[in-house]
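S.K.:
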Amino acid sequence: MKNSKHILLWAVLIIVALLAIPFFIPTQRYLEKAQEVASEALGMPVHIESMRFAILPTPRAHIGGVVAGEQQEISLQGLSVVASIPSLLAGKVEISSLNIEHPVLKKSGVDKLIALASPKKGEEESESAVLIRSIHLSEAKIEWPDATIPAFDAEVEMDADNRLSAADLNTTDDALKLHLAPNKEQYRITLQAHNWRVSFAEWLKIDDLQSAMVLNGNNLQIDSLKAKLFGGALDMNGSLNWQSNWRFQSKFKASQIALPQVFSALGKKSPLSGNLSANGDCRMSAKTAGKLADNLAVDSQFKIENGVLHGVDLLKVASLLLKSGAGGETQFDTFTGNAQVRGKQYKLSNLNVQSGLMGATGHVTVAPSKTLSGEVKVEVKNSANMVAIPMNVSGTLDSPTVFPTKSALIGGALGTAVLPGAGTAAGVQVGEKAEKVLKGLFGD
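Structure below.
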C-alpha cells in the first residue's frame, strides 16, 4: 500500500514539474532569436508579439501575433508547433502538427512565399533539418487586388521528404471544396462547389459545379468543368496560363440558360427573354488577372427558344411600313444566329427570328456605349402582299428603334400610289434593288 502511495506521489510531482518547467524558460531570448531567423528566411522584417511553451500533453510552442513585412504582407493571429516525441527521443526534429490561426496574406506576401518555395537554378535540394507532417490553417484570408476571396480552412499533409502529399481546402461557408494531389511534376485538382457566389464576379451564382484540372508550373489545364446555373447548364474545357501575361482560352457549350435570371443578377433591364443555348470558344488576355474581362473575345452560335424581344414590335412595324418601331415587344418561337464579342462590343450576324406570324433576318452591332446599329428584314407570313421589308436598327439596348430603310419607304410610297395594296410590296422590292444598283455605280 505504501509503495503504491509513493508511486502516486512521485507521478503527481513529475506532472507538476512538467507543467511548471515552461514558466521558467526564458522565452524572451527565444522570441528574439525566432524573429531574427524568420526575418532572414523571409527576407523581410518579422515581429512576434508573444511566445510560450508547454510540455503536456505533448511538447509544443505557441507563437502569437506574427507580422511580416513593412506593409504587413503576411500576418497571423497564432501559430502552434507540436513536436513528435518519438522523433525527439531519436535526436531528430519532427513537427507532427503545425497549426496556423487566422493567417492573412496580401498578394505581395503570396508572391514572396511562392518565390521562396521555388527551387533556384543550379541549387541542389538538401535534406531539411526539420520535417513537417501536417499543416492546419483556420480561417485563412488572401487579399487579392480586384477580387474578394472567401476565408477558408485547409489541411495539408506532407511526406517523409517534406513534400506535399495532399491538400484539402474548404471555404468557411462550405460553398467551395478543393482537393489537390501531386502527380510527378504536376498537381491534380478536383473542385466542387454548391451555392457558390463567384468572388471575382459576385453577380454570378453557381448552383452546382464539378471540375477536374491539372496544375503544371504557370499553366492550369481545365480538363472538364460542368456547372448548373441560371436554370440551365454549362460544360467547358480550356486553360489558364500566367507565364508572362495572363491568357485564358476555352471551348464551351451552354444549354437552357434563363436569360431573365442572367439580366436580373446583373441588375440590368432585360432586352430579351427566353432560354439560351450556345456553343463556341472564349479567349482573354491581359497583363494582370483583374484585366482579363476587359479583353474578352467570344465567337459562338446561339439559339434562344420561346422568348420575347422587348422594346420593339417587328410584326407591327412591318404591317404599317411607314411607322417607326419604338416600344412594344416581339414574341418568337426561335431566335438563332452567330455572336462575336470583342471587349465591350457585340456583333450579332446571320440572325433569324421565327414566330407563327412573322420571320426576320439580319445583323446588329452593339457598341460599348450600348447604342445599336444594323439592319433586319421582316416578313409577315400570313400576308400575300408583303415581302421582306428592310429596316434600320438604331437606338440603345434599353430603347431600341426599328425604322424602314429609305429605299423601302420611297418604293413603298410609289407602289402604293400606283397600285394600293399589292403595289406597296412591289414598290418596296423595286426600291431595295434600285438602292443596290446605285450603290454599285456610285458607292456609298
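In our numbering, the protein residues as written are -5 to 438.
Glycine residues also receive a C-beta, built at the ideal position from the N, C-alpha and C atoms.
Would you mind reading off the limits of the beta strand (DSSP E) that contains residue 287?
M.R.: Careful: residue 287 lies outside any beta strand (DSSP E) and carries neither H nor E.
S.K.: May I ask which residues mark the beginning and end of the alpha helix (DSSP H) holding residue 255?
M.R.: Taken as a continuous stretch (DSSP letters only), the alpha helix (DSSP H) holding residue 255 covers 253 to 260.
S.K.: Run through DSSP, which three-state label would residue 305 get?
M.R.: Three-state result, residue 305: coil.
S.K.: Based on the DSSP output, what are the partners of residue 357 in its beta bridges?
M.R.: Its beta-bridge partners are 369.
S.K.: Buried or exposed for residue 350, please, with buried defined as at least 16 other CB atoms from any protein chain shown within 10 angstroms of its CB.
M.R.: Flag for residue 350 reads exposed.
S.K.: Give me the Cα-Cα distance between residue 139 and residue 66, rounded to the nearest whole angstrom.
M.R.: One C-alpha to the other measures close to 15 Å.
S.K.: Between the alpha carbons of residue 152 and residue 35, how many angstroms are there, rounded?
M.R.: Between residue 152 and residue 35, the C-alpha separation is close to 20 Å.
S.K.: If we ignore side chains and look at the alpha-carbon of each, how far apart do residue 384 and residue 341 end up?
M.R.: The alpha-carbon atoms of residue 384 and residue 341 are separated by roughly 19 Å.
S.K.: Which term fits residue 100, buried or exposed, when burial requires 16 or more other beta carbons within 10 angstroms of its beta carbon?
M.R.: The residue in question, residue 100, is buried, as its Cβ has 16 or more Cβ neighbours within 10 Å.
S.K.: Is the segment 276 to 286 close to the segment 179 to 187, with three or more CB pairs under 8 Å?
M.R.: In short, these stretches do not touch, since the Cβ pair count stays below three.
S.K.: CB-CB under 6 Å to residue 334, same chain, minus the five flanking residues each way: which ones, in chain order?
M.R.: So the qualifying residues of the chain are 293, 341.
S.K.: For residue 4, which of helix, strand or coil comes out of DSSP?
M.R.: With a pLDDT of only 43 at residue 4, under the threshold of 50, the placement of this residue in the model should not be trusted; the figure read from the coordinates follows. If DSSP states are grouped into helix, strand and coil, residue 4 belongs with the helices.
S.K.: Could you tell me whether the segment 231 to 243 touches the segment 258 to 266, where touching means 3 or more Cβ pairs closer than 8 Å?
M.R.: No, the segment 231 to 243 is not in contact with the segment 258 to 266.
S.K.: Look up residue 157 in the DSSP assignment and give the residues it is bridged to.
M.R.: For residue 157, which the question treats as bridged, DSSP gives no partner whatsoever.
S.K.: Quick check: residue 371 and residue 382, are their CB atoms within less than 7 Å of each other?
M.R.: Cβ atoms of residue 371 and residue 382: closer than 7 Å.
S.K.: DSSP three-state label for residue 351, please.
M.R.: In this structure, residue 351 counts as coil in the three-state DSSP scheme.
S.K.: Considering residue 138, what are the terminal residues of the beta strand (DSSP E) in which it resides?
M.R.: It spans 128 to 138 - the beta strand (DSSP E) in which residue 138 sits, taken as one unbroken run.
S.K.: Using only the alpha-carbon positions, how far apart do residue 211 and residue 180 sit?
M.R.: Distance between the alpha carbons of residue 211 and residue 180 is about 8 Å.
S.K.: Let's test the definition: count the other Cβ atoms within 10 Å of the Cβ of residue 160 and tell me whether it reaches 16, buried, or not, exposed.
M.R.: With fewer than 16 other Cβ atoms within 10 Å, it is exposed.
S.K.: Which residues in the same chain have their Cβ closer than 6 Å to the Cβ of residue 68, if we skip the five residues on either side of it in sequence?
M.R.: Correct list, in chain order: 62, 99, 103.
S.K.: By the three-class DSSP mapping on this structure, what secondary structure does residue 71 have?
M.R.: If DSSP states are grouped into helix, strand and coil, residue 71 belongs with the strands.
S.K.: Along the chain, where does the beta strand (DSSP E) that runs through residue 222 open and close?
M.R.: First-last of the beta strand (DSSP E) with residue 222: 213 to 223.
S.K.: Determine whether the beta carbon atoms of residue 131 and residue 94 lie at a separation below 7 Å.
M.R.: Yes, these two residues count as a Cβ contact at 7 Å.
S.K.: Out of 143, 224, 390, 343, state which residue places its alpha-carbon closest to the alpha-carbon of residue 258.
M.R.: Answer by Cα proximity: 224.
S.K.: Cα separation between residue 227 and residue 387?
M.R.: About 32 Å.
S.K.: Over the uninterrupted beta strand (DSSP E) stretch that includes residue 56, give me the two end residues.
M.R.: Segment 54 to 62, the beta strand (DSSP E) holding residue 56.
S.K.: In whole angstroms, give me the CA-to-CA distance for residue 142 and residue 222.
M.R.: Cα to Cα, residue 142 sits roughly 22 Å from residue 222.
S.K.: Please name the residue or residues paired with residue 37 in a DSSP beta bridge.
M.R.: None; residue 37 has no bridge partner.
S.K.: Would you kindly work out how many angstroms separate the C-alpha atoms of residue 373 and residue 308, rounded to a whole number?
M.R.: When rounded, the distance between both Cα atoms is 9 Å.
S.K.: Which value, in whole angstroms, describes the spacing of the CA atoms of residue 355 and residue 243?
M.R.: Approximately 31 Å, taken between the alpha carbons.
S.K.: Pop quiz: residue 28 and residue 42 are said to be a contact at Cβ under 8 Å. What is the actual Cβ separation, rounded to whole angstroms?
M.R.: 6 Å between Cβ atoms; contact.
S.K.: Could you tell me if residue 157 is buried or exposed, where buried requires 16 or more neighbouring beta carbons within 10 angstroms of its beta carbon?
M.R.: Answer is exposed; the Cβ neighbour count stays below 16.
S.K.: Cα separation between residue 369 and residue 357?
M.R.: Each residue's alpha carbon lies about 6 Å from the other.
S.K.: Could you have a look at residue 196 and say whether DSSP puts it in helix, strand or coil?
M.R.: Here residue 196 sits in coil by DSSP.
S.K.: I'd like to confirm the pairing. Which residues does DSSP put opposite residue 271 in its beta bridges?
M.R.: Bridge partners of residue 271: 297.
S.K.: Tell me which residues share the same chain as residue 150 and place their Cβ nearer than 6 Å to its Cβ, disregarding the 5 neighbours each side in the sequence.
M.R.: Within the same chain, residue 150 has close Cβ partners 129, 161.
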